[in-house]
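Participant: In my numbering, the protein residues as written are 7 to 448. We put the beta carbon where it would ideally sit given N, CA and C, even for glycine.
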Ligand code: PA5
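1. Return the chain-ordered ranges of every alpha helix (DSSP H) run that is complete within the region 354-393 and spans a minimum of 4 residues.
2. Whose CB is closer than 6 angstroms to a heavy atom of the ligand PA5? List the residues in chain order.
3. How would you call residue 419, buried or exposed, if buried means at least 16 neighbouring beta carbons within 10 angstroms?
4. Check for me: the beta strand (DSSP E) holding residue 275 runs from which residue to which?
5. How about residue 266 and residue 299: do their beta carbons lie closer than 8 angstroms?
6. Name the residue from 81, 409, 54, 174 whose alpha carbon lies nearest to the alpha carbon of residue 34.
7. Just the C-alpha distance for residue 97 and residue 91, rounded to the nearest angstrom, thanks.
8. Please state if the CB of residue 390 and the CB of residue 229 are separated by a distance shorter than 8 angstroms.
9. Taking the beta carbon of residue 147 as the centre, do at least 16 other beta carbons fall within 10 Å, making it buried, or is it exposed?
10. Whole angstroms is fine: what's the gap from residue 243's alpha carbon to residue 235's?
11. Checking the sheet assignment: what are the DSSP bridge partners for residue 317?
12. Would residue 274 and residue 44 be called neighbours here (beta carbons separated by less than 8 angstroms)?
13. Does DSSP put residue 124 in a helix, a strand or coil?
14. With distances taken Cα to Cα, identify the nearest neighbour of residue 149 among 199, 429, 402, 443.
15. Please report the residue range of the alpha helix (DSSP H) in which residue 322 lies.
16. Relative to the C-alpha of residue 233, which residue among 158, 331, 395 is closest?
17. Going straight from the alpha carbon of residue 32 to that of residue 400, what length do you get?
18. Find out if the Cβ-Cβ distance for the pair residue 329, residue 218 is shorter than 8 angstroms.
19. Residue 20: buried (16+ other C-beta within 10 angstroms of its C-beta) or exposed?
20. Using only CA atoms, which one of 204, 208, 213, 207 lies nearest to residue 196?
21. Rounding to the nearest angstrom, what Cα-Cα distance links residue 200 and residue 30 in this structure?
22. If we count the other Cβ atoms within 10 Å of its Cβ and call it buried at 16 or more, is residue 255 buried or exposed?
23. According to DSSP, which residues form a beta bridge with residue 9?
24. For a minimum of 3 consecutive residues, which ranges assigned as the beta strand (DSSP E) are wholly contained in the region 31-91?
25. Can you name, in chain order, every residue of its own chain whose Cβ lies under 6 angstroms from the Cβ of residue 259, other than the five neighbours on each side?
26. Who pairs with residue 179 in a beta bridge, going by DSSP?
27. What does the Cβ neighbour count give for residue 17, buried or exposed, with the cut at 16 atoms within 10 Å?
28. Going by DSSP, name the residue or residues bridged to residue 329.
29. Jot down the residue ranges of each uninterrupted beta strand (DSSP E) in the region 276-306, minimum 3 residues, whole runs only, in chain order.
30. Using the beta-carbon count (16 or more within 10 Å), is residue 181 buried or exposed?
31. Please give the ranges of any alpha helix (DSSP H) in the region 385-441, keeping only runs that are unbroken, at least 4 residues long and fully inside the region.
32. Which residue marks the beginning of the alpha helix (DSSP H) containing residue 261, and which one marks its end?
33. What does the Cβ neighbour count give for residue 42, buried or exposed, with the cut at 16 atoms within 10 Å?
34. Less than 8 angstroms separating the beta-carbons of residue 10 and residue 393?
35. By the three-class DSSP mapping on this structure, what secondary structure does residue 140 have?
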């Protein structure tokens, strides 16, 4: 169960003011629930937790088992933005942080940047492994994944031949349109569908996320169950709904307290990529029409020793949202030392997680004293179920929050601007006129 705790905002916010925003969030909830708002043709994500057919999960498992039988020990997952961040977030959360389980393939990501060094080093690993590839692109034409796929595809074909390559490449793309769909049909790749009515940043519970997570050896049924549990929790029209609470409070921070930045904080390095996924979800959904809270993220206690100074003492432009984890799944107890030179004997016998929890409480109080309100969102532990929960919770909260803000949560007109310039500079056919214009400005 996802729990929202707003106590860390008490000293900044009057209850009547909060109730006003709960009222606004309830109106926004109705827009999302009744599907009457802008972008309502992109609400397919709402059906994924409980509407994903068993046959789709079995198809993911068939790829996993087939690649295991072929001896695959490296899966390159190619995609960017919404076609990348969800799976990366889940795997960073679920993988052992230091030891690779040799019973499972190693999963690495490519096509999420245009760094030559990154790709070259990734190909070094591919050359030393038995490699397969999942290429994910709804449009099929996004430059970063298309560049990476061209290189990985060539490697796989040269190494294993066309027939085996067709078994080692799986595409996740549009049902009928796009370059990747056409290529998959031509080459005989297995394909999974990104539903038309699911936008990239809301797609983690579709094959975009499920296939890589399943192939990596995790239980996607449990993830969908967690998402379904969160869906039940956020599908009630009242002030106890945690998505309504979160949406109401963050908009209050923005409109009434002038807080323009929200820092998503975790105290567990496993959740570092939750911040990356969440930044895209809220940044692309809300940052438009000259409005929106800038989504930032931090990992404590690590970043308390870097940007902690700014959060405590700098421009009072921000509030914090802490995603906390109630239970550690591992146990490390601090020992006693005869000399006690580090003066830590007062902690002897304590779990490290106890220190983490006290650091979190101490930071909460210090930041509140420093003028930084705090929202807390708690999950029980880091496993498939709870990761599914937090994914769906944030998706629903984002839809409500964006409607409350007064924007269409499901478009992203701003992401095209850099592409036009890049295409002109790369001299893509059709962009000749812009090339000359741009070169004059540089
Ligand atoms: O949220 C989005 O729509 C974007 O982040 C896209 O997912 C991203 O640009 C990748 O697009 P595509 O899947 O078409 O390659």
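Facilitator: So, from the data block:
1. 358-375
2. Chain-ordered list of matching residues: 86, 87, 88, 89, 143, 144, 145, 148, 151, 205, 206, 207, 290, 418.
3. The residue given as residue 419 occupies position 413 in the chain shown. By the neighbour-count rule (16 or more Cβ atoms within 10 Å), residue 419 is not buried but exposed.
4. Reading the chain shown from its first residue, position 269 is the one you call residue 275. Premise fails: residue 275 is in no beta strand (DSSP E) and is neither H nor E.
5. Within the chain shown, numbered from 1, the residue matching residue 266 stands at position 260. Within the chain shown, numbered from 1, the residue matching residue 299 stands at position 293. Yes.
6. The count along the chain shown starts at 1 and reaches residue 34 at position 28. Taking only the C-alpha atoms, the option nearest residue 34 is 409.
7. Reading the chain shown from its first residue, position 91 is the one you call residue 97. Reading the chain shown from its first residue, position 85 is the one you call residue 91. Going by the C-alpha atoms only, they are around 10 angstroms apart.
8. To locate residue 229, count along the chain shown from 1; it is residue 223. To locate residue 390, count along the chain shown from 1; it is residue 384. Against a cut-off of 8 angstroms, the Cβ pair of residue 390 and residue 229 comes out as a contact.
9. Taking the chain shown and counting its residues from 1, one reaches residue 147 at position 141. Exposed is the call here.
10. As a working mapping, residue 243 is identified with position 237 in the chain shown. As a working mapping, residue 235 is identified with position 229 in the chain shown. Between residue 243 and residue 235, the C-alpha separation is close to 16 angstroms.
11. The residue given as residue 317 occupies position 311 in the chain shown. For residue 317, which the question treats as bridged, DSSP gives no partner whatsoever.
12. Position 268 of the chain shown, counting from 1, holds the residue named residue 274. Position 38 of the chain shown, counting from 1, holds the residue named residue 44. Their beta carbons are not under 8 angstroms apart, which means residue 274 does not touch residue 44 by this criterion.
13. The sequence position of residue 124 within the chain shown is 118, counting from 1. When DSSP states are grouped into helix, strand and coil, residue 124 belongs to the helix group.
14. Taking the chain shown and counting its residues from 1, the one referred to as residue 149 is at position 143. Comparing Cα-Cα distances from residue 149 to each of 199, 429, 402, 443, the minimum goes to 429.
15. Taking the first residue of the chain shown as 1, we reach residue 322 at position 316. It is not in any alpha helix (DSSP H) - residue 322 carries neither H nor E in the DSSP assignment.
16. One-based indexing of the chain shown puts residue 233 at position 227. Of 158, 331, 395, the residue nearest in Cα terms is 395.
17. Reading the chain shown from its first residue, position 26 is the one you call residue 32. Reading the chain shown from its first residue, position 394 is the one you call residue 400. Distance between residue 32 and residue 400, taken at the CA atoms: about 16 angstroms.
18. Within the chain shown, the letter at position 323 stands for residue 329. Within the chain shown, the letter at position 212 stands for residue 218. Cβ atoms of residue 329 and residue 218: not closer than 8 angstroms.
19. The residue you call residue 20 lines up with position 14 of the chain shown. By the 10 Å Cβ count, residue 20 comes out exposed.
20. Position 190 of the chain shown, counting from 1, holds the residue named residue 196. Selected option, being the one with the closest Cα: 213.
21. On the chain shown, position 194 is the one that residue 200 refers to. On the chain shown, position 24 is the one that residue 30 refers to. Between the C-alpha atoms of residue 200 and residue 30 there is a straight-line separation of about 32 angstroms.
22. Indexing the chain shown from 1 puts residue 255 at position 249. Residue 255 should be labelled buried.
23. Residue numbering aside, residue 9 sits at position 3 when the chain shown is read from its first letter. Paired residues: 384.
24. Unbroken beta strand (DSSP E) runs of no fewer than 3 residues, entirely contained in the region 31-91, are found at 80-84, following chain order.
25. Taking the chain shown and counting its residues from 1, one reaches residue 259 at position 253. Counting only Cβ-Cβ distances below 6 angstroms, and skipping sequence neighbours, we find 265, 325.
26. Here residue 179 is taken as the residue at index 173 of the chain shown, counted from 1. Paired residues: 199.
27. As a position in the chain shown, residue 17 is number 11, starting the count at 1. Flag for residue 17 reads exposed.
28. The residue you call residue 329 lines up with position 323 of the chain shown. Per DSSP, 272, 383.
29. 300-305
30. In the chain shown, counting from the first residue as 1, residue 181 sits at position 175. Taking a 10 Å sphere around the C-beta of residue 181, we find fewer than 16 other C-beta atoms and assign the residue as exposed.
31. 390-411, 423-431
32. The residue you call residue 261 lines up with position 255 of the chain shown. Segment 248-262, the alpha helix (DSSP H) holding residue 261.
33. Within the chain shown, the letter at position 36 stands for residue 42. Result: exposed.
34. The count along the chain shown starts at 1 and reaches residue 10 at position 4. The count along the chain shown starts at 1 and reaches residue 393 at position 387. Against a cut-off of 8 angstroms, the Cβ pair of residue 393 and residue 10 comes out as no contact.
35. Translated into positions along the chain shown, residue 140 becomes position 134. In this structure, residue 140 counts as strand in the three-state DSSP scheme.
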